[in-house]
Amino acid sequence: MTSQTRSPSALDLVNRCRGEGVDVEHALLIYGVPENITVDVIEETAETIKALGKV
Numbered sequence: 001m002t003s004q005t006r007s008p009s010a011l012d013l014v015n016r017c018r019g020e021g022v023d024v025e026h027a028l029l030i031y032g033v034p035e036n037i038t039v040d041v042i043e044e045t046a047e048t049i050k051a052l053g054k055v
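For the sequence shown, the UniProt record's numbering gives the first residue as 1, with consecutive numbering after it.
Structure below.
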């Protein structure tokens with residue numbers, strides 16, 4: 001059985017940021033990441049995207 005991931009709404013994102021104490025203006029949300037991916041891989045990928053000027 002496959003799990004379905006819904007796209008978070010803007011309100012979901014704002015509430016999540018507030019709950020985590022993160023400034024919404026400086027937040028980057030990455031969703032749909034498989035559970036078996038390590039934080040290191042996520043950070044490396046995000047840095048690559050940043051280096052390409054996409055963030």
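Even for Gly, the Cβ is constructed at its ideal location relative to N, Cα and C.
The structure displayed is predicted, hence computed values, not measured ones.
DSSP, read as helix, strand or coil, puts E35 in coil.
When DSSP states are grouped into helix, strand and coil, D40 belongs to the helix group. Between the stretch 24-32 and the stretch 6-16, the count of C-beta pairs closer than 8 Å reaches three or more; the two stretches touch. Note on geometry: alpha-carbon atoms of P34 and E43 lie some 14 Å from one another.
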